[in-house]
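Below is one structure; the comments refer to it alone.
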Amino acid sequence: MRLTARRAAPHLLAGVAIAAAAACASQGAPPGGPPDKAAPLLVRTTPDSNAVGARADRVTFRFDEVVAERPTGAPSLDALIVVSPRDGDPRVSWRRDAITVRPRRGFRPNTVYTVTLLPGLADLRGNVRTDGAEVVFSTGPTIPRTRLTGVVFDWAAARPVPRALVEAIQVGPGAGTRDTTTYVAVADSTGRFAFRHLPTGRYTVRGAADGNNNRTVDPRELFDTVGVALRDTAAIEILAFAHDTLGPRLTGVDVADSVTLRATFDQPLSPGQRLTPALFTVTASDSTRVPVAAVAPPDTAAAPADSTPPPRPGPAPR
C-alpha cells in the first residue's frame, strides 16, 4: 500500500497543478485583443494654430501613438512637410510620437506661416493617415483673412494635375527688398489648391506638375503662371503645359470631309493663340491657292477671319 501511495502521489500532485493552471488561465480576457486599424491621431500642435506673436523656433505635430519614420508612398518625412513661405528646405525630425519641423533659416519676424503635413504618415502597424494637417501662426500681431483658391490643369490632356506644386510669388512693394517671398502649396488629387492668410497684394501664381516630388519645376515639366491681385478672396485656373523655345511644327494634314482639313502639330498650341485663316495657306495640285474660310480647334465652331474665338480654348488641334 505504501508503494502504491508513493507512486500515486506524483500523479495526484500533477493533477492539482494542472487544475490550478487551468483555473489561472481562465481568468481575464485572452491576450492580443482586436487589431489596431486606426491611423495616428493628431492630438496637439506647437505653437497652437492661429497663434499671433509666436516666438517658437520649431513646429511640432504630436500624435496619440508612435509613428513610422518612413511614410507610405514617400521617400522620407521631409516629403510630407510643406513650409510656406519657403526659405530653403526645412529640417524634419522624428521623435517617436512627434514630428518636429525647423525652418532652415528660422522664422522671419512679422510673417504668417502655414506648416502643412501631407497625407501619408503611418503608425508602426502600417495604418496610414489619409488626411493632412496644418498649423497657421504669425510671428507678428495679425493673421490676414484672405483666401486664394484654384485648380491646375494639364492643358494638352484636358485633365487636372494631381498633387501639383503651386507657388504664389509676391510682387510689387509688398514683396520686400531682400528676397522675393514665395508661398507654397501642394494640390490635392483633383488638382485643387488653396492659399489662406496671404498678405494682400499682387502675386504671380505658378502651377507645375511636380512629377518627381522635388518641389521645383524641372525642364519639360508642365507649368504655367497667372497674375492675380489679392484683396480678400480670389479664384484662378492654371493651364499647365511644357514650355520650350521652339514653336509648334506642322506634322500632318488629313481630309476630314469635302470642305475640311485637319492639321496636326507636334505640340499643343498656346491657349491664347488666335486661330485665323491668315495663319494657313492651302495650295491645289496646280499650285493655285485655295481660299481658307475659317479655322477652329476640333469640336468647336469655326472662327472666320473677322471673328474672335472664345476666350477659353478647347482641346489642342490634332
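Count the sequence shown with mature numbering (1 follows the signal peptide of the UniProt record, and there is no 0) and you get residues -25 to -1, 1 to 293, in order.
C-beta atoms are modelled at their ideal positions from N, C-alpha and C, and glycine is treated no differently.
Have a look at the options and flag the residue whose alpha-carbon is nearest the alpha-carbon of residue i.
i	options	result
ARG104	LEU17, THR256, VAL127 and TYR88	LEU17
GLU212	GLY125, SER113 and ARG19	GLY125
THR35	ALA29, PRO194, PRO22 and ARG249	PRO22
ASP207	ARG80, THR117, ARG122 and ALA108	ARG122
ALA97	ASN85, ALA13, VAL201 and LEU250	ALA13
Nearest-angstrom Cα distance between residue i and residue j?
i	j	result
ALA31	ASP106	25 Å
ASN263	ALA162	Looking at the sequence shown, residue 263 is not Asn but Thr. Distance between the alpha carbons of THR263 and ALA162: 53 Å.
VAL42	VAL90	19 Å
GLY63	ALA160	15 Å
GLU40	GLY115	33 Å
ALA231	VAL203	41 Å
VAL233	SER260	Looking at the sequence shown, residue 233 is not Val but Ser. For SER233 and SER260, the distance between alpha carbons rounds to 16 Å.
HIS218	LEU244	11 Å
ILE59	LEU173	Ile is not the amino acid found at residue 59; the sequence shown has Ser there. Spanning the two alpha carbons is a distance of roughly 10 Å.
ARG71	LEU225	59 Å
ALA131	ASN189	23 Å
LEU93	PRO272	39 Å
PHE82	PHE170	19 Å
VAL87	GLY247	35 Å
THR258	VAL265	6 Å
ALA108	THR179	26 Å
Can you find the residues in the same chain that come closer than 6 Å, C-beta to C-beta, to residue i, ignoring five residues on each side of it along the sequence?
i	result
GLN242	PRO223
ASP11	ARG100
ARG237	ASP229 and ALA231
VAL201	VAL180, ILE211 and ILE213
ALA73	THR35 and ARG37
What residues in its chain sit with their C-beta under 7 Å from that of residue i, if we drop five residues either side in the sequence?
i	result
GLY166	VAL126, VAL127, PHE128, PRO135, VAL136, PRO137 and ALA139
ALA183	ALA139, LEU140, VAL192, GLU196, LEU197, PHE198 and ALA215
ALA49	LEU55 and GLY95
TRP69	GLU44 and LEU52
ARG33	THR75, VAL76 and ARG77
ALA209	LEU123 and VAL203
GLY186	GLU196
Please classify residue i: is it buried, with 16 or more other beta-carbons within 10 angstroms of its beta-carbon, or exposed?
i	result
THR20	buried
ARG181	buried
PHE112	buried
LEU254	exposed
VAL110	buried
Any heavy atom of the ligand PLP closer than 6 Å to the CB of residue i?
i	result
GLU40	Absent from the structure shown: the ligand PLP. Ligands present: none.
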